[in-house]
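So the protein lines, in turn, are chains A and B.
Using my numbering, you'd call the opening residue of the first sequence number -4 and step up by one each time.
Using my numbering, you'd call the opening residue of the second sequence number 2 and step up by one each time.
Encoded as structure tokens, the structure appears first; notes follow it.
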Amino acid sequence: NAGVTQTPKFQVLKTGQSMTLQCAQDMNHEYMSWYRQDPGMGLRLIHYSVGAGITDQGEVPNGYNVSRSTTEDFPLRLLSAAPSQTSVYFCASSYKRRSNTGELFFGEGSRLTVL
Amino acid sequence: GQSLEQPSEVTAVEGAIVQINCTYQTSGFYGLSWYQQHDGGAPTFLSYNGLDGLEETGRFSSFLSRSDSYGYLLLQELQMKDSASYFCAVRDKGNTPLVFGKGTRLSVIA
């Protein structure tokens, strides 16, 4: 069971370039989300999805797009990379049911540097 | 919106007990969770409190007081491998995203 898989693990971009961070899960989780982690800032929510075809914005959505065409995949697109988007990005998933204990399953992270 | 406060750093001695506090402000409340993250790694789930009281999982326990908007993570018999960052997280209602605190970096020293 692979869990949550993120690619790439490392990426260097130049300002203005675009790219997509991939996230896939094989646990049939309805809920998927993207967080970014910066030193001293904890984990901040970028976008999330409660099921295929449904996405919503989190705390820091500007400069990022998402889509959820299947239950398994939730890619994060950087439209025009900026140095402020240098960060570690984590994808996470969980079951959506109301009895959810709050347990998120995280991918290993994608470390992005924008020059 | 939601906000969470937890100490930024804590240092404790191997074999001792340490408590990491978390206070929160939310419009609603649907449970307090704790996550552990080692340097360079991904956050991993430790515990969840939906109701007041203590939840115990091995050397780790977590406590919640909803009336005080307060919880803590208690780590007993500290080991060097417990050196990591610990995050509390809340959701204000079911099926909404988790909001994380900024994390507490725990250093366990010999």
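By construction, the Cβ of each residue, glycine as well, lies at the ideal position given by its N, Cα and C atoms.
Owing to the predicted nature of the structure, the values given are computational and were not obtained by experimental measurement.
Asked                                                                                                                                                   : Found
Do S62(B) and L55(B) have their C-beta atoms within less than 7 angstroms of each other?                                                                : yes
Less than 6 angstroms between C-beta atoms, sequence neighbours within five positions excluded: which residues of the same chain meet that for L149(A)? : No statement about residue 149(A) is possible, as the shown extent of chain A runs from -4 to 110 and does not include it.
So which residues on chain B does F85(A) lean against when the C-beta distance must stay under 8 angstroms?                                             : A43 and P44
Give the straight-line distance between the Cα atoms of Y36(B) and F69(A), rounded to the nearest whole angstrom.                                       : 22 angstroms
If you reduce the DSSP assignment to three classes, tell me which class S79(A) lands in.                                                                : helix
Under 8 angstroms by Cβ, that's how I've got F101(A) and Q32(A) pegged, so tell me the actual separation to the nearest angstrom.                       : Not quite, the Cβ-Cβ distance comes to about 10 angstroms (not below 8 angstroms), so this is no contact.
Are the CB atoms of Y31(B) and K94(B) within a distance shorter than 7 angstroms?                                                                       : yes
What in chain B is Cβ-close to T0(A), meaning under 9 angstroms?                                                                                        : The contacting residues do not exist; T0(A) stays about 12 angstroms from chain B at best.
How many Å lie between Y73(B) and S28(B) at the Cα?                                                                                                     : 20 angstroms
Are the beta-carbon atoms belonging to V61(A) and R39(A) less than 7 angstroms from one another?                                                        : no
Specify, as a first and last residue, the run of the beta strand (DSSP E) that N60(A) falls within.                                                     : Y59 to V61
Is it the case that the Cβ atoms of S84(B) and G104(B) are separated by a distance below 7 angstroms?                                                   : no
Name the residues in the stretch 40 to 67 of chain A whose C-beta lies less than 9 angstroms from a C-beta of chain B; which are they?                  : L40, Y43, V45, D51, G53 and E54
What does DSSP give as the partner residues of N22(B) in its beta bridges?                                                                              : Y73(B)
How would you call I41(A), buried or exposed, if buried means at least 16 neighbouring beta carbons within 10 angstroms?                                : buried
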